[in-house]
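> Chains S and V supply the protein sequences, listed in that same order. Counting in our numbering, the first sequence runs from 1 upward without gaps. Counting in our numbering, the second sequence runs from 1 upward without gaps. Cβ coordinates follow ideal geometry from the N, Cα and C atoms, glycine included. This structure is a prediction, so every number in the text was calculated from the model and none was measured. Please find one structure pasted underneath; my questions will follow.
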Amino acid sequence: MLTDTTAVTAAGNADKIRCDACPVMCYIKPGAAGACDRYANHDGELVRVDPHIVLERTVSHGGRLVPFQAGGDWDGKIVHEPSVFVTAIGAGTTYPDYKPAPFIVSSEVDGVDMVTVVTEGIFSYCGVKVKIDTDRHLGPETATVRVQGEAVGHVTTGEYGSQMLSLGGVHHLTGGSKKEGRVTCDALMDLSNCKPVEMTIDGGATVVVQAGRPPIVNGVAEERMRVGCGSATIGMFAKQWHGKVDEVVVVDDHITGVLSEHQAGKLLDIGDSGIKMKGRRSTPGRYFQVAEPGTGWGGTKISDPLSVLGPFDPKTARPGMTMLMVSTTGEHAAYYQLDAALQPIEQEMPADLRASVERIQENCEPALCTVLFMGGAGGSLRAGVTDNPVRLTRSVKEALTRVTSGGAPVYVWPGGGITFMVDVTRLPAGAFGYVPTPALVAPIEFTMRLSDYAALGGHMDYVRPLASLKDNTEIRHMSAPSDPGRRP
Amino acid sequence: MSRVPQIGLLADGRRLHLQDGPIDLIVEARGSETAVAAAYQAAARRFAGLLDELCAELPLLRAAADPAHCPLRGMVARRMHAAVVPFAREHFITPMAAVAGAVAEEILGAMVQSAVLTRAYVNNGGDIALYLQGGEHFTVGLIDRPDACGLMRTTIIGSGDPSRGIATSGRHGRSFSLGIADAVTVLAPTASQADAAATIIANAVDLPEHPAVSRCPAHDLQPDSDLGARLVTRDVAALSDRDIAAGLAAGAACAHHLAMKGLIDGAALRLQGETAVVALKDLDAAAPRRPIERTVHA
């Protein structure tokens, strides 16, 4: 919502807007900010993008957009306690550690004095966990992941329809060369700020990772996440194929499915086809290792699907039999008929089978990269919050203190310390910074009852009522965190 | 349209925050309580209308400075022009290259004229005007990338030093750079001089025609940029150590030349993690003065 003090003037050219918030009257192109860095053109709309951020709680709960008040006059109507949540972004940190966190804010919530200790923590124990939705082989497990040639992390487990990477951590930040630490720090900061980062995997692919966006593998943007493994795909679509084709092979680097041998085919009385699969048979109709992993069909390295088949068994197969071969995303598909010599010959795919391939595509979710920032709040950060740091840790564990990062919910690991993970797309843009040590600067907030804060040994002299922040803090116009691809 | 400058004390109750359009100042004065109050009032008074004053002459301020003649009328505008004139024969430069420093100087001037202060500063987005009386000093942190809050090193400026202005320029800042430096921080006798010189030195840190550097016309990014069709740096891919050294050497030569002419007191140049320092005085007061290393091992 724009107030009349920030009316946008149409400027002839449809894509740029003219801001009249001040006499500089900047022309602002889409995606750019004006000279002040406070107003920006977001899809043709003038929005305010200040670094001091107060999120309405409703936004962190997936609610509506927060209007902002422009100009210097505060109308007093926008901050409705207790719905306002003060975040640490832009709070700044102070050295040395024992200085109280920059803002220690108190506000009344449900008749209870609440305290939000807002600080920006410096994390040299931090990293990101990346989930890349793809069937393509990105590299072997434990392979080194490099940015600008420097080791920044490694390939970890393959999960459902996705490959996990573990990047950063104290060893890459501080244990290697100076350049390794700096490149790691930059990569972590960019990933956490939802910017794209290109990385190469030893013995594997080059991937561009950007939180909330499709991965780009060897220059090709991934569109879909697999509908299921090859075997599951057979189970899901067997009925739709029944009667339309004699055999279906769903090619998958992990578990390739074969309709005629699969339990789902047996239940439909689909007869043997005499097909002979390469690879290792796990259970009927399910094959492992039909080909080497790669970036071709179903995460294998093949471009010709027939290469995963041996010759058809002449005792069972007969000329004229039909076969559909399809990948787990429906991205690759081909239709064959056996000739007199029982050789599969590619034919144009009948419309009803094409529809089933499109159905597989339709049922795939969009492939995305997910980036979770993981950091540990150690002694020095906690010291900014209380005189007796370990009590803060205990308070978090006892769930008396709620931890958030930039207003976003976090998962706090059980065990020692305050080690948390947060989905970076749920933080406002530019929330992460760094110090050249190198280490990342991330927002972290601890919210608790004022009485509990006092009991923790909190810096009571520095507690400020929320009202005192209103005059020099702007409410930020931002979109709801539930929209994953919202940030450029 | 009602536009009200934002004038208020920061949360710490010590520093004054003045904001109007693109001008964003953090001000701190030290002296007696009444002196500080008087100084802040003077700052606020001078601040009101300052942006309108500048905008009234905006087209001229965005045009190449004429080294022989100053057509501008406003005090701040004339100071901007004076700061860029030493460079105007050899380089394309507009008075806008000194706007941040000149505004900081103006506000600081208003403060010290109306109150007896021991020290004061006006920080205009990293371009800083300083006031120091006997025995006082400032510890200044240098940032290597203005788009990310990283403290590179610190320097101490005492009342005996000639520098009363500090400015940082580079390709990550608000304004565009013709060069590839991540940051060039300059100490100079005044803030407006530091501002103009930082722009010139940051432009000089360059590797012309280098394939790792992508550039585009300034007006494609910002339609009303004073740089017009000049190619500004958009991105710099990873450079070899040799290229980094060459880029820094080009900038350092420029900085050295300006230091010899007395236009600057010193400069720190930063490119892809490497630093070159050109200084009459030791710029690097060394990291250990600020316990950064200690604090991060949480």
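Among S:T144, S:E45, S:R394, whose alpha-carbon lies nearest the alpha-carbon of I418 (chain S)?
Comparing Cα-Cα distances from I418 (chain S) to each of S:T144, S:E45, S:R394, the minimum goes to S:R394.
> Contact check, P215 (chain S) vs V207 (chain S) under 8 angstroms by CB: the rounded distance?
P215 (chain S) to V207 (chain S), Cβ: 6 angstroms. Contact.
> By DSSP's criteria, A29 (chain V) is part of a beta bridge. Which residues make up the other side?
DSSP output for A29 (chain V) lists V:A120 as bridge partner(s).
> How far does the beta strand (DSSP E) with V184 (chain V) in it reach, from first residue to last?
It spans 183-188 - the beta strand (DSSP E) in which V184 (chain V) sits, taken as one unbroken run.
> Since R213 (chain S) is in the alpha helix (DSSP H), which residue starts that stretch and which ends it?
Where R213 (chain S) is concerned, there is no enclosing alpha helix (DSSP H), given that its DSSP letter is neither H nor E.
> Just to confirm before moving on: does the CB-CB distance between E247 (chain S) and S260 (chain S) stay below 9 angstroms?
Closer than 9 angstroms, so yes.
> Just to confirm my understanding: we take L18 (chain V), look at its own chain, exclude 5 residues before and 5 after, and list those with CB closer than 6 angstroms. What are they?
I7, L25, F47.
> Taking only beta-carbon positions, decide if Q113 (chain V) is within less than 9 angstroms of chain S.
No, because no Cβ of chain S sits closer than 9 angstroms to the Cβ of Q113 (chain V).
> Are the beta-carbon atoms belonging to L248 (chain V) and E274 (chain V) less than 9 angstroms from one another?
In contact: L248 (chain V) and E274 (chain V) (Cβ atoms closer than 9 angstroms).
> For A279 (chain V), which of V:I156, V:A212, V:Q133, V:L16 has the nearest alpha-carbon?
Looking at the Cα atoms, V:I156 is the closest of the given residues.
> Go to T200 (chain S), then tell me how far its alpha helix (DSSP H) extends in each direction, as first and last residue.
Premise fails: T200 (chain S) lies in the beta strand (DSSP E), 197-201, not in any alpha helix (DSSP H).
> Measure the alpha-carbon distance for G407 (chain S) versus V128 (chain S) and round it to whole angstroms.
Rounded to the nearest angstrom, the two C-alpha atoms are 18 angstroms apart.
> In chain S, which residues lie less than 7 angstroms from P217 (chain V) when you measure between Cβ atoms?
Here the premise fails: no neighbours, minimum Cβ distance about 12 angstroms.
> If you pair each beta-carbon of the segment 185-195 of chain V with each one of the segment 224-243 of chain V, do three or more pairs fall below 8 angstroms?
Short answer: they don't touch.
> Examine chain V for any beta-carbon lying closer than 9 angstroms to the beta-carbon of S23 (chain S), and answer yes or no.
The residue you asked about is not Ser; residue 23 (chain S) is Pro in the sequence shown. Answer yes: the Cβ-Cβ gap between P23 (chain S) and chain V drops below 9 angstroms somewhere.
> How about the segment 124-141 of chain V and the segment 94-107 of chain V: do they share at least three Cβ pairs that are nearer than 8 angstroms?
As far as the Cβ criterion goes, the segment 124-141 of chain V touches the segment 94-107 of chain V, which means the pair count is three or higher.
> From S:A367, S:L324, S:L188, S:S282, pick the residue whose C-alpha is nearest to that of S356 (chain S); which is it?
For the residues S:A367, S:L324, S:L188, S:S282, the minimum Cα distance to S356 (chain S) belongs to S:L324.
> Hey, how far is the Cα of P189 (chain V) from the Cα of E57 (chain V)?
In a straight line, the C-alpha of P189 (chain V) is about 26 angstroms away from that of E57 (chain V).
> Does the beta carbon of L283 (chain V) sit closer than 9 angstroms to a beta carbon anywhere in chain S?
Its pLDDT being 43, under 50, L283 (chain V) is placed unreliably in this model, and the value from its coordinates should be taken loosely. It does not; no Cβ of chain S falls within 9 angstroms.
> Evaluate contact between the segment 198-206 of chain V and the segment 162-180 of chain V, counting only Cβ atoms and requiring at least three cross-stretch pairs below 8 angstroms.
Enough Cβ pairs lie closer than 8 angstroms, so yes.
> When you compare the CB positions of A24 (chain S) and C254 (chain V), do they come within less than 9 angstroms of one another, or not?
With the sequence shown as reference, residue 24 (chain S) is identified as Val, and Ala is not the correct amino acid for it. Going by C-beta atoms, V24 (chain S) is not nearer than 9 angstroms to C254 (chain V).
> For a contact meaning CB atoms closer than 7 angstroms, what does L51 (chain V) contact in chain S?
Simply C22, P23.
> DSSP on L258 (chain V), reduced to helix/strand/coil?
L258 (chain V): helix per DSSP, three-state reduction.
> Any C-beta of chain S within less than 9 angstroms: which residues of the segment 52-72 of chain V qualify?
Those residues of the segment 52-72 of chain V that come within reach of chain S (Cβ to Cβ, closer than 9 angstroms) are D52, L54, C55, A56, L58.
> To the nearest angstrom, how far is the alpha carbon of D269 (chain S) from that of D133 (chain S)?
Going by the C-alpha atoms only, they are around 35 angstroms apart.
> For D20 (chain V), would you say it is in contact with chain S, using Cβ-to-Cβ distances shorter than 9 angstroms as the test?
So yes, D20 (chain V) belongs to the interface.
> Is the beta carbon of V412 (chain S) sitting closer than 9 angstroms to the one on F373 (chain S)?
In this structure, F373 (chain S) does not lie closer than 9 angstroms to V412 (chain S) by Cβ.
> Just the chain S side, please: which residues come within less than 7 angstroms of P223 (chain V) by C-beta, in chain order?
Correct list: K16, Y27, K29.
> When you compare the CB of S107 (chain S) with every CB in chain V, is at least one pair closer than 9 angstroms?
With a pLDDT of 35 at S107 (chain S), under the threshold of 50, the modelled position of this residue cannot be trusted, and the question is left open.
> So F237 (chain S) is in the alpha helix (DSSP H); what residue range does that whole segment cover?
Where F237 (chain S) is concerned, the enclosing alpha helix (DSSP H) stretches over 230-241.
> Closest Cβ-Cβ distance between Q343 (chain S) and chain V: below 9 angstroms?
False, the Cβ-Cβ gap to chain V never drops below 9 angstroms.
> Just checking: is the beta-carbon of R136 (chain S) within a distance shorter than 9 angstroms of some beta-carbon in chain V?
Chain V, which has no Cβ nearer than 9 angstroms to the Cβ of R136 (chain S), makes this no.
> Below 6 angstroms CB to CB, which residues in the same chain sit around T322 (chain S) once its five sequence neighbours on both sides are set aside?
If we look at T322 (chain S) and ignore the five residues flanking it on each side, its Cβ neighbours are V245, D246, Q337.
> Out of V:L61, V:G74, V:Y40, which has the shortest C-alpha to C-alpha gap to G49 (chain V)?
Residue V:G74 is the option with its Cα nearest to G49 (chain V).
> Could you work out which residues of chain V lie near K179 (chain S), taking near to mean beta carbons separated by less than 8 angstroms?
The contacting residues are G273.
> Is the CB of R394 (chain S) under 9 angstroms away from at least one CB in chain V?
Cβ-Cβ to chain V under 9 angstroms: no for R394 (chain S).
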